[in-house]
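Have a look at the structure below before the remarks.
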Amino acid sequence: MADLIGIDRREDKENPDYESLKKGEIPSPELRAPVRCLIQQGNSHKKDGVETLEYSKMYSKERYKFFLEAPFEISDRCCSIMKKTPAHNYTKQMGKMPITAQMASESRLRTTKWLKNGCNGFDMKSPVSNPMSIWTEQDILEYIYHNHIPIASSYGEVVADYGKGKTKENTMDIGIFDVGRPMFRTTGCSRTGCVFCGFGCHREKSPNRWELAEKVSNSKIIDYMMRGGAFDENGIWKPDSRGLGFWFVIEWINLHGDLHIIMPHREDYLKQYMTKDTEKYLK
Ligand code: SF4
C-alpha cells in the first residue's frame, strides 16, 4: 500500500507517514489516497450526511490488507484469461457467436444483463446467446432427474428430497406452485468452478472443495496443484515443473491472514517441499 500512495519506506526507514500507515491510518488527506486504498481501510463514515472521523467497516477490505505483502502474484484476471478471452478469440476466428448456460438467477449482474438484453443479446458488444437464462438451479436438477441425463462425477447423482415423513409422489404431476414439490439436490458437489479455484475457500469446513475433489474427481490433479513451486529470480513464488505450489500459498495466507484454509495432507507437503527460502516466509 505504501507504494500505491507514494510513501517511501526504503530510503527513509523511519518515515513517519509509513509508521502511520502501518497502524492502519492513511497519514494525510493531502496524499489523496486512491479509492482502492480507501476501500481497504474502510470508507469514511457519515452521520446525518456529515463526515465523521470514524471509518465505516461495511465495505472494508482491511482484513485482506496483508495480501499486499504476499510473495506471489494476485489478480482478478482468471475469468478473462481462462474463459472470456478464449471465447472472444473463438468468435473472432470462426465468426460464430457463443451459446452459454448462464442463468439470470445466478447473480444480480446476470439478472440485470438479462433484463436488458434478453436471452439472445444480438446488440451486445460481444453478442451471446443464453437460452437457459430463465431456468433456476431447481429446474435444471429436475430436468436431469427425470430425463436421466449423465452428469460429471463431481456432482454425484441428482436425488429428489421429499422431506421427513413425506411419501414419494409423482414429481411430474404437480401444478405451478411449489407445494408438495421435492427439493432436488446433488449427492456430490452442488457447484463447481475451475479445478484450482480457491475463491471463498476460507469459508469452507472439512471436507472442503479439495478434499472432496480428491474423493469424487481426480486426486492426482489436486496433488499437482498442491505440490512443487519455487521462487523466481525476482523472489516471486511461481509454479515449477513439479507442480503449482499451492501448499506454500495456502500456508502463507493462513499464517499472515489467519484464514484457516484447509490444505489436504498439509504435513506431508510441508515436510517434502519446505526449503530455507520458504521457511523465511513461514516462520
Ligand atoms: S471459477 Fe474461480 S478460478 Fe475460475 S474463473 Fe471463476 S473465480 Fe476464477
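Going by my numbering, 369 is the number at position 108 of the sequence shown; the sequence numbering is gapless. Where a beta carbon is used, it is the ideal one built from N, C-alpha and C, also for glycine.
Where does the unbroken alpha helix (DSSP H) through residue i begin, and where does it stop?
i: F507; result: F507 to G518
i: A348; result: T346 to M355
i: A474; result: R470 to V477
i: D400; result: E398 to N408
i: P277; result: P277 to K283
i: K532; result: R527 to Y534
i: S480; result: S480 to M487
i: K386; result: Looking at the DSSP string, K386 is not in any alpha helix (DSSP H), and its letter there is neither H nor E.
i: T361; result: Here T361 belongs to no alpha helix (DSSP H), and DSSP marks it neither H nor E.
i: P337; result: In the sequence as presented, Pro is not what sits at residue 337; that position holds Asp. First-last for D337: undefined, no H or E at that position.
i: L543; result: From DSSP, L543 is part of no alpha helix (DSSP H); its letter is neither H nor E.
i: K374; result: R369 to N378
Residue i: beta carbon under 6 angstroms from a heavy atom of the ligand SF4?
i: F383; result: no
i: G454; result: yes
i: F460; result: yes
i: C339; result: yes
Start and end of the beta strand (DSSP E) containing residue i?
i: T448; result: Here T448 belongs to no beta strand (DSSP E), and DSSP marks it neither H nor E.
i: V456; result: From DSSP, V456 is part of no beta strand (DSSP E); its letter is neither H nor E.
i: D422; result: V419 to D422
Cα-Cα, which of the options is closest to residue i?
i: T361; options: Q354, R338 and S387; result: S387
i: A578; options: W498, M393 and H407; result: Nothing about residue 578 can be reported from this structure: the residues present for the chain run from 262 to 544 only.
i: G595; options: I410, H407, S321 and T539; result: In the structure as shown, the chain begins at 262 and stops at 544. Residue 595 is therefore absent and cannot be evaluated.
i: E465; options: D278, A474, K326 and I522; result: I522
i: D484; options: G454, N276, Y530 and V477; result: Y530
i: G417; options: G424, I405 and Y423; result: I405
Below 8 angstroms on the Cβ atoms is my guess for residue i versus residue j; work out the distance and round it to an integer in Å.
i: D501; j: G490; result: 6 angstroms
i: M385; j: N378; result: 6 angstroms
i: P332; j: W498; result: 5 angstroms
i: M486; j: M524; result: The Cβ separation is near 10 angstroms, so there is no contact.
i: G449; j: S415; result: 6 angstroms
i: N469; j: C458; result: The pair is not a contact, with the Cβ atoms about 12 angstroms apart (cut-off 8 angstroms).
i: V389; j: M358; result: 6 angstroms
i: V327; j: I335; result: It should be noted that the sequence gives Phe, not Val, for residue 327. 11 angstroms between Cβ atoms; not a contact.
Should residue i be counted as a contact of the ligand ADP given a C-beta to heavy atom distance under 6 angstroms?
i: I360; result: Absent from the structure shown: the ligand ADP. Ligands present: the ligand SF4.
Legend entry - Inter-stretch contact at 8 angstroms, needing at least 3 Cβ pairs: the stretch 394-403 / the stretch 443-456: yes
Legend entry - Segment contact flag, the stretch 529-539 with the stretch 504-516, C-beta cutoff 8 angstroms, min 3 pairs: yes
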